[in-house]
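Chemist: The sequence shown begins at 111 in our numbering and counts up one residue at a time.
Even for Gly, the Cβ is constructed at its ideal location relative to N, Cα and C.
Can you read through this structure? Questions will come right after.
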Amino acid sequence: MVVSPSPQPDRQMVRRQLIAKGTAAFAANQTRTQRDPVAAAAWAQAQFRSYYGDLREFIRGPLNARIVGRGEGSGFRYENVLFESHPGWEVNATVYLPLTFDQPCPAVVVPVGHSGKQFESYQLPCQYFARAGFVAITFDPPGVAGEKQPGNDHFYDGVRCHLTGDTSSRYFIGDVLRAMDYLETRDEVDPSHGFACTGVSGGGHSSVFAGLLADRVTAVAPSCCMAPQRSLVLERSYSSCPETLMPGRLRDGLDDSDLLCALAPRPVLLMAGQGDEVYVAEESRRIAAQTTAHFQAVGAADNFTYFEDAGGHAYSLRQAKTFCTWLRRHWRLSDSRALPSTDESDYAMLPAEQLQCHPNTGVNMVTLTQARAEKLAAGHTAPDQAWLQQFAGVGPTLAAPQVLSSSPGQHTWFHTWREQLVQTEPGNFVPVSCAECAEATSTLWHFNPAGRLKLAERGGLLMEAISHTSRAWPKVNLIAADLRGWGETATAATPYEFVSWGGPDRFLAYVSASLAEPVEAMRLRDAWQLSRVFSAAGRNILHASGAAAPVALHFAALTRRFSAVVLHDAPGSYADLLTTADFNWPHDLVLPGVLQHYDLPLLADAAACPVHWINPRDGAHDPLSAAECARRTCGAQTWHHAMDDDAQVQLLRTLLHDA
111 MVVSPSPQPD
121 RQMVRRQLIA
131 KGTAAFAANQ
141 TRTQRDPVAA
151 AAWAQAQFRS
161 YYGDLREFIR
171 GPLNARIVGR
181 GEGSGFRYEN
191 VLFESHPGWE
201 VNATVYLPLT
211 FDQPCPAVVV
221 PVGHSGKQFE
231 SYQLPCQYFA
241 RAGFVAITFD
251 PPGVAGEKQP
261 GNDHFYDGVR
271 CHLTGDTSSR
281 YFIGDVLRAM
291 DYLETRDEVD
301 PSHGFACTGV
311 SGGGHSSVFA
321 GLLADRVTAV
331 APSCCMAPQR
341 SLVLERSYSS
351 CPETLMPGRL
361 RDGLDDSDLL
371 CALAPRPVLL
381 MAGQGDEVYV
391 AEESRRIAAQ
401 TTAHFQAVGA
411 ADNFTYFEDA
421 GGHAYSLRQA
431 KTFCTWLRRH
441 WRLSDSRALP
451 STDESDYAML
461 PAEQLQCHPN
471 TGVNMVTLTQ
481 ARAEKLAAGH
491 TAPDQAWLQQ
501 FAGVGPTLAA
511 PQVLSSSPGQ
521 HTWFHTWREQ
531 LVQTEPGNFV
541 PVSCAECAEA
551 TSTLWHFNPA
561 GRLKLAERGG
571 LLMEAISHTS
581 RAWPKVNLIA
591 ADLRGWGETA
601 TAATPYEFVS
611 WGGPDRFLAY
621 VSASLAEPVE
631 AMRLRDAWQL
641 SRVFSAAGRN
651 ILHASGAAAP
661 VALHFAALTR
671 RFSAVVLHDA
681 PGSYADLLTT
691 ADFNWPHDLV
701 LPGVLQHYDL
711 PLLADAAACP
721 VHWINPRDGA
731 HDPLSAAECA
741 RRTCGAQTWH
751 HAMDDDAQVQ
761 LLRTLLHDA
């Protein structure tokens, strides 16, 4: 027996494509910066603000603030406070207040990173700030180790925010902005200097991001959080959270140094740890050098300071003292008292339960995104072919696809099989398996993220449908393809992705969204190019499994060449992805902004052919109920509950042969 050679899989192909696009965007922004640093910084801030959409308008409601606890420590007192950021979303803040200073006092906002406000990197600096004469407010971020975990996972829930065209960062930065609103209501606070923002890791990101959104942030001091994104995100494929890769940021080529430069001439203190494992000191020094040059160029050389701590990924008391010294100077504070000691033995950690506020967790990123999706649904319209062509990037300038290789045909019982490799665009190769029979008058197209022939194994569903060995049914041609990132080209993990929060699907999802060119659009472009290569006559039926279903529906609506579409174990809709606490789909399934325009059932109508939903699933990947399937069945769409493989084969045969 002759074994037909298969194309060799390239499991980093899609990653390379995204890295190349990101690298080009960074280079373009670097050119922009070199041409006019001042204009580039202003442009960077304007672009950054655009990522947050209607955030400013959305968080203008009443604070509904209330104090829920009090206590006192050595040299400070504290109050636990609840107030609203987004409507119904409660911020669990702890306010640290001086004991021995005349009030009102200047204020510092200390956002928490991927941690909780009860830990050392937040408690001890805030105690220090209060002893030094500042009011400090700190609060948990969504998710992680704080009090606001349900519905706020940075990854599973953060990526779902993309469905409505939002960045999950809006929920982090909204809290910072509202914390300043709250501080302005306190008699103990002197807001005449504005507000300072400082924090470690994700708290440092939030400090910088808030500074870019709000001019009343007059001093910014991020710690252990700045790194060249080209190196960290692209070259090393570090599993960054989606809130730092907001849609559009990588498209605009905005590196961390660009964000710091956009804060000029406001005072910026960049702090780093010599032992930091992720935000390594060498890269922090490089960012500091770039930022220093910009501040010098705009005549604000004295307003940028770099401090390198001997520690690791933490906000130390040494950093707290450096920050207070720096802030006193830039705010021209008249206080001449000596700053507190940095000896850790002089400080005591408060028990975590003493800092708890018990916020309402029923309102979270998922519920707020779901509410936004429901509001947007009223304006949904089915996309036409022109809109889909623009979305997929399949205009007249798209180069024709090329068949790079085709194996010798191998004849089986009734079909001749060939393995082909199609270049759909430079650097992108799609493996295709074709089974052809001279007497066939219909063709079954098949997409499956698990592999184009997964459902052919052991005489599986695909083989039954095309009558691979059976004389009882007419024969059917088969075209099965691994669109980019699926099957043989499924992206392999890199070392930084072997962590609990990492994975190749997350890199593809977050990076492509930030590039404003989702992987799902690239896959649709692949499918379009295949339709130019394989112009099968007769009846064409499109079958897709699992996460391939949304691409298949887009393909059917774009080409309108199919007599029917069958979606097996597919998400019932994009909105269904928001209705469950768990999210058990690949993250690159999420199509940013889609719910601003339409949802899958409306897209199915645009396919202009019967669409069969076989055992559709919700966001947790659980089957929709029989009642829900019955409710959704209408017009040309039929929703099937608990259909087994034999019944699905029978349905495919009926559709293929127009029986």
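1. What are the complete beta strand (DSSP E) segments, minimum 3 residues, inside the segment 259-343?
2. Tell me which same chain residues have a C-beta within less than 7 Å of the C-beta of Met356, skipping the five on either side of it?
3. Would you kindly work out how many angstroms separate the C-alpha atoms of Arg241 and Tyr188, rounded to a whole number?
4. Can you give the beta carbon distance from Leu273 to Val700, rounded, assuming they're within the 8 Å contact cut?
5. Taking the beta carbon of Asp494 as the centre, do at least 16 other beta carbons fall within 10 Å, making it buried, or is it exposed?
6. How about the segment 529-545 and the segment 613-628: do they share at least three Cβ pairs that are nearer than 8 Å?
7. Quick check on the DSSP output: the alpha helix (DSSP H) that includes Ile169 runs from which residue to which?
8. For Phe249, which of helix, strand or coil comes out of DSSP?
9. So for Thr77, helix, strand or coil by DSSP?
10. Between the Cα of Arg671 and the Cα atoms of Thr204, Pro605, Ala718 and Gln533, which residue gives the shortest distance?
11. Taking the C-alpha atoms as reference points, what is the distance between Ala591 and Val661?
12. Would you mind giving the Cβ-Cβ distance between Ile247 and Ala203, rounded to the nearest angstrom? I have them listed as a contact below 8 Å.
13. With three or more beta-carbon pairs closer than 8 Å as the criterion, would you say the segment 740-751 touches the segment 686-702?
14. Going by the beta-carbon positions, is the gap between Gly313 and Tyr389 smaller than 9 Å?
15. For a minimum of 3 consecutive residues, which ranges assigned as the beta strand (DSSP E) are wholly contained in the segment 659-741?
16. If we count the other Cβ atoms within 10 Å of its Cβ and call it buried at 16 or more, is Pro450 buried or exposed?
17. Buried or exposed: where does Ile397 fall if 16 or more other Cβ atoms within 10 Å of its Cβ makes it buried?
18. Are three or more beta carbon pairs between the segment 206-213 and the segment 176-188 nearer than 8 Å?
19. Measuring CB to CB, does Phe414 end up less than 9 Å from Leu465?
20. Give me the residue from Leu514, Arg361 and Ala150 with the minimum Cα distance to Ala374.
21. Suppose you measure from the CA of Ala631 to the CA of Ala737; what does that come to, to the nearest Å?
22. Given that a residue counts as buried once 16 or more other Cβ atoms are within 10 Å of its Cβ, and exposed if not, what is Trp523?
23. Given a threshold of 16 other Cβ atoms within 10 Å of its Cβ, counted over all protein chains shown, does Ala130 qualify as buried or as exposed?
24. With DSSP run on the structure shown, which of helix, strand or coil describes Asp183?
25. I'd like to know whether the C-beta atoms of Asp709 and Ala502 end up nearer to each other than 9 Å.
26. Quick one: grab the DSSP three-state call for Val513.
27. Taking 6 Å as the limit between beta carbons, can you name the residues of its chain near Gly171, skipping five residues before and five after?
28. Thinking C-alpha only, which one of Lys431, Asp445, Cys467 and Asn470 is nearest Thr792?
29. On the DSSP bridge list, what partners appear for His653?
30. Pull up the DSSP beta-bridge partners for Asn587, would you.
31. Should Leu677 be labelled buried (16 or more other beta-carbon atoms within 10 Å of its own) or exposed?
32. Cα-Cα, which of His490, Asp285 and Ala329 is closest to Arg166?
33. Counting only runs of 4+ residues fully inside the segment 494-545, write out the alpha helix (DSSP H) ranges in chain order.
34. From this set, Val675, Pro332 and Cys467, which residue's C-alpha is nearest Trp723's C-alpha?
Modeler: If we stick to the structure as given:
1. 305-310 and 327-333
2. Position 246 of the sequence shown holds residue 356. Once the five neighbours on either side are set aside, the close Cβ partners of Met356 are Tyr161, Thr277, Ser279 and Ser624.
3. What you label residue 241 is simply residue 131 of the sequence shown in a count that begins at 1. What you label residue 188 is simply residue 78 of the sequence shown in a count that begins at 1. Computed Cα separation, rounded: 12 Å.
4. Numbered from its first residue, the sequence shown carries residue 273 at position 163. Numbered from its first residue, the sequence shown carries residue 700 at position 590. Yes, they are in contact, since the Cβ atoms of Leu273 and Val700 sit about 6 Å apart, within 8 Å.
5. The residue given as residue 494 occupies position 384 in the sequence shown. The residue in question, Asp494, is exposed, as its Cβ has fewer than 16 Cβ neighbours within 10 Å.
6. no
7. The residue given as residue 169 occupies position 59 in the sequence shown. Premise fails: Ile169 is in no alpha helix (DSSP H) and is neither H nor E.
8. Taking the first residue of the sequence shown as 1, we reach residue 249 at position 139. Strand at Phe249.
9. In the structure displayed, the chain extends from 111 to 769; residue 77 sits before or after that span and is not available.
10. Residue numbering aside, residue 671 sits at position 561 when the sequence shown is read from its first letter. For the residues Thr204, Pro605, Ala718 and Gln533, the minimum Cα distance to Arg671 belongs to Ala718.
11. Within the sequence shown, the letter at position 481 stands for residue 591. Within the sequence shown, the letter at position 551 stands for residue 661. Each residue's alpha carbon lies about 13 Å from the other.
12. As a position in the sequence shown, residue 247 is number 137, starting the count at 1. As a position in the sequence shown, residue 203 is number 93, starting the count at 1. About 5 Å separates the two Cβ atoms, so the contact holds.
13. no
14. Against the sequence shown, residue 313 aligns to sequence position 203. Against the sequence shown, residue 389 aligns to sequence position 279. No, Cβ-Cβ distance for Gly313 and Tyr389 is not below 9 Å.
15. 674-678 and 721-724
16. In the sequence shown, residue 450 corresponds to position 340, counting from 1. The residue in question, Pro450, is buried, as its Cβ has 16 or more Cβ neighbours within 10 Å.
17. The residue labelled residue 397 in the question sits at position 287 within the sequence shown. Label assigned to Ile397: buried.
18. yes
19. Here residue 414 is taken as the residue at index 304 of the sequence shown, counted from 1. Here residue 465 is taken as the residue at index 355 of the sequence shown, counted from 1. In this structure, Leu465 does not lie closer than 9 Å to Phe414 by Cβ.
20. Translated into the one-based positions of the sequence shown, residue 374 becomes position 264. Cα-wise, what sits closest to Ala374 is Ala150.
21. Position 521 of the sequence shown, counting from 1, holds the residue named residue 631. Position 627 of the sequence shown, counting from 1, holds the residue named residue 737. So the two alpha carbons sit approximately 33 Å from each other.
22. As a first step, residue 523 is located in the sequence shown; it is residue number 413 there, counting from the start. When all chains shown are included, Trp523 counts as exposed.
23. Taking the sequence shown and counting its residues from 1, one reaches residue 130 at position 20. Classification of Ala130: exposed, given that the 10 Å Cβ count is below 16.
24. Residue 183 sits at position 73 when you count from the first residue of the sequence shown. A quick correction: the sequence has Gly, not Asp, at residue 183. It is a strand residue.
25. Working through the sequence shown from its first residue, we reach residue 709 at position 599. Working through the sequence shown from its first residue, we reach residue 502 at position 392. Contact flag unset, no.
26. Along the sequence shown, one-based indexing puts residue 513 at 403. Val513 falls in the strand class under three-state DSSP.
27. Numbered from its first residue, the sequence shown carries residue 171 at position 61. Closer than 6 Å at Cβ, skipping near neighbours: Pro197.
28. Outside the modelled stretch of the chain, which goes from 111 to 769, sits residue 792, for which no answer is possible.
29. Taking the sequence shown and counting its residues from 1, one reaches residue 653 at position 543. Beta-bridge pairing links His653 to His556 and Val676.
30. Here residue 587 corresponds to residue number 477 of the sequence shown, with the count starting at 1. Beta-bridge pairing links Asn587 to Thr553.
31. Counting from 1 along the sequence shown, the entry for residue 677 is found at position 567. Buried: at least 16 other Cβ atoms inside 10 Å.
32. The count along the sequence shown starts at 1 and reaches residue 166 at position 56. The residue with the shortest Cα to Cα distance from Arg166 is Asp285.
33. 495-502
34. By one-based count along the sequence shown, residue 723 stands at place 613. Measuring from the Cα of Trp723, the nearest candidate turns out to be Val675.
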